[in-house]
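Some notes on the structure that comes next.
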Amino acid sequence: MLLLRSTLFQILFYSVTLVEMILFSPVMLLPRKWGWPIVPFWSRTLIWLMRVVAGIKVEIRGRENLPKGGYIAAMKHQSAWETVALIPLFSSPTFILKRELRWIPIFGWYTAKYRQIPINRGKRSEALAAMMEAAKDAIAEGRQIMIFPEGTRRPAGAEPKYKYGIAHLYRDLKCPVVPIAHNAGLYWPRSSWKVYPGTVIVEILPPIETGLTPDAFHAKLVQTIESASDKLIEEARTASDPSPVLKQVDATRKSQPA
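Going by this note's numbering, the residue at position 195 of the sequence shown is 176; the numbering climbs one at a time, nothing skipped.
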């Protein structure tokens, strides 16, 4: 039953995305601000599918910690879930994403239209400079920069591997950074066809204000997100039907150096 439900969800997830991208393609002719509402609409459609088809519910904590205007939202990256489901929390988000996503037909057009920030991982220094300029423009416009500091999805409970680029952004943009923790990897694990029912808990933590050194900021960010995410994983154990991914979490932790 789980495999059938997961298969139906995966098919609908990509099919609905494709249909909506084609259906709403005329917004390419509109100013960005006027066409933006279709993006959170797409996100809410998929959130509904997750709940109805896959049995994934959502609990958001700490909305009051989101500042107004421009800031950086630094999110834990465990799943495909957070790339979609967190969009409606923000008024004008722009993701920092790998350049290759721009090459995907139709989807790439949308990332360009809504001025998402591509980064060329093959040319680190040039990529960082270009990213910084685009990020400065976004903050000046009062937008929210969405970034996954680990760069790629990590299994729930795995040893964190945060990149240092987020510290450069913090230093140069001089804006608050909002840490966001969650436990989505327990329900939609990376590289997994199976999607498990349960409640994804998202915790929006108090902003890290400007003024820290890059090293102090980086250490605080990692500690803040990781400790909160670990607590959410432990909280998931108390659910009436805990995710079987918790067994993998325990195995992963046992294999890590003390």
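For every residue, glycine included, the Cβ atom is placed at its ideal position computed from N, Cα and C.
Indicate the three-state DSSP secondary structure (helix, strand or coil) for Val240 in the structure shown. Absent from the structure is residue 240, since the part of the chain shown begins at -18 and ends at 239.
Quick one: using the 10 Å Cβ neighbour count with 16 as the cut-off for buried, is Tyr(-5) buried or exposed? Translated into the one-based positions of the sequence shown, residue -5 becomes position 14. Exposed.
Unbroken stretches of the alpha helix (DSSP H), 4 residues or longer, contained in the region 126 to 173: 146 to 154
Nearest to Val65 by alpha carbon, out of Thr(-2), Glu122, Glu81, Arg42? For the purposes of this step, residue 65 is taken as the residue at position 84 of the sequence shown. Among Thr(-2), Glu122, Glu81, Arg42, the Cα nearest to that of Val65 is on Thr(-2).
Could you please give the first and the last residue of the uninterrupted alpha helix (DSSP H) stretch that includes Thr92? Walking along the sequence shown from the start, residue 92 turns up at place 111. First-last of the alpha helix (DSSP H) with Thr92: 88 to 94.
Return the CA-CA distance between Leu193 and Ala148, expressed in angstroms with no decimal places. Position 212 of the sequence shown holds residue 193. Position 167 of the sequence shown holds residue 148. Taking the straight line from one Cα to the other gives about 10 Å.
Mapping DSSP to helix, strand and coil, what is Val176? By one-based count along the sequence shown, residue 176 stands at place 195. Val176: coil per DSSP, three-state reduction.
Counting C-beta neighbours from all protein chains within 10 Å, is the total for Ala197 16 or more, i.e. buried, or is it exposed? For the purposes of this step, residue 197 is identified with residue 216 of the sequence shown, where counting begins at 1. With fewer than 16 other Cβ atoms within 10 Å, it is exposed.
In terms of residues, what are the limits of the alpha helix (DSSP H) holding Glu1? In the sequence shown, residue 1 corresponds to position 20, counting from 1. Segment -17 to 4, the alpha helix (DSSP H) holding Glu1.
Express the C-alpha separation of Leu11 and Ser208 in angstroms, rounding to a whole number. The residue given as residue 208 occupies position 227 in the sequence shown. The residue given as residue 11 occupies position 30 in the sequence shown. Approximately 43 Å, taken between the alpha carbons.
DSSP puts Leu78 in a beta bridge; with which residues? Residue 78 sits at position 97 when you count from the first residue of the sequence shown. The partner list for Leu78 (beta bridge, DSSP) reads Pro99.
Between the alpha carbons of Ser6 and Ala61, how many angstroms are there, rounded? Here the question's residue 6 lines up with position 25 in the sequence shown. Here the question's residue 61 lines up with position 80 in the sequence shown. Rounded to the nearest angstrom, the two C-alpha atoms are 23 Å apart.
Which same chain residues, not among the five before or five after Tyr143, have their C-beta less than 8 Å away from its C-beta? On the sequence shown, residue 143 is found 162 positions in, with the first residue counted as 1. If we look at Tyr143 and ignore the five residues flanking it on each side, its Cβ neighbours are Pro130, Glu131, His199, Leu202, Val203.
Since Glu63 is in the alpha helix (DSSP H), which residue starts that stretch and which ends it? For the purposes of this step, residue 63 is identified with residue 82 of the sequence shown, where counting begins at 1. Where Glu63 is concerned, the enclosing alpha helix (DSSP H) stretches over 62 to 66.
Report the CB separation of Ile120 from Leu67 in whole angstroms; it is logged as a contact under 8 Å. Counting from one through the sequence shown, the residue named residue 120 turns up at place 139. Counting from one through the sequence shown, the residue named residue 67 turns up at place 86. The pair is not a contact, with the Cβ atoms about 19 Å apart (cut-off 8 Å).
Which residues share a DSSP beta bridge with Glu216? Residue numbering aside, residue 216 sits at position 235 when the sequence shown is read from its first letter. Paired residue(s): none; Glu216 is not in a bridge.
Does the count of Cβ pairs from the region 108 to 128 and the region 150 to 167 closer than 8 Å reach three? yes
Is the region 217 to 237 touching the region 170 to 188, taking contact as three or more C-beta pairs under 8 Å? yes
Straight-line Cα distance separating Val183 from Asn164: Within the sequence shown, residue 164 is the residue found at index 183, counting from 1. Within the sequence shown, residue 183 is the residue found at index 202, counting from 1. One C-alpha to the other measures close to 7 Å.
Using only alpha-carbon positions, find the residue among Leu30, Gly36, Thr(-12), Ser73 that is nearest to Trp15. Taking the first residue of the sequence shown as 1, we reach residue 15 at position 34. Of the candidates Leu30, Gly36, Thr(-12), Ser73, the one whose C-alpha sits nearest the C-alpha of Trp15 is Ser73.
Using the three-state DSSP reduction, which class does Arg190 fall into: helix, strand or coil? Within the sequence shown, residue 190 is the residue found at index 209, counting from 1. Per the sequence presented here, residue 190 reads as Glu, with Arg not at that position. In this structure, Glu190 counts as coil in the three-state DSSP scheme.
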